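Just so you know, we're using the working numbering here: the sequence shown kicks off at 129 and counts up by one.
Think of the CB as a built atom: it goes at the ideal place given N, C-alpha and C, for glycine as much as any other residue.
Note that this is a predicted model, so its numbers are computed, not measured.
Written below as structure tokens is the structure these notes are about.
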Amino acid sequence: MNKKLTGKKVAILVADGFEQVEMTKPREALDEAGAETKIVSLKPGQI
């Protein structure tokens with residue numbers, strides 16, 4: 129796969145009530161494209 133996002137940083141915002149697949153599938157695609165992903169939330173700890 130072409131690493132078009134190598135060197136890019138992407139924040140994935142999650143909140144109460146999100147579906148796991150709404151975060152994991154896009155994150156996998158971003159990681160495969162070379163991006164550095166980080167999960168962020170308004171609340172600390174597990175969501």
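Out of curiosity, what's the CA-to-CA distance linking Arg155 and Thr165? 7 Å
Thinking C-alpha only, which one of Gly135, Thr134 and Ile167 is nearest Thr98? The shown model of the chain, from 129 to 175, leaves out residue 98, and the question about it has no answer.
If we require 3 or more residues per run, which beta strand (DSSP E) segments fall completely within the segment 137 to 171? 137 to 141 and 164 to 168
Going by alpha carbons, who is nearest to Pro172 out of Asp144, Val138, Ala161 and Lys131? Asp144
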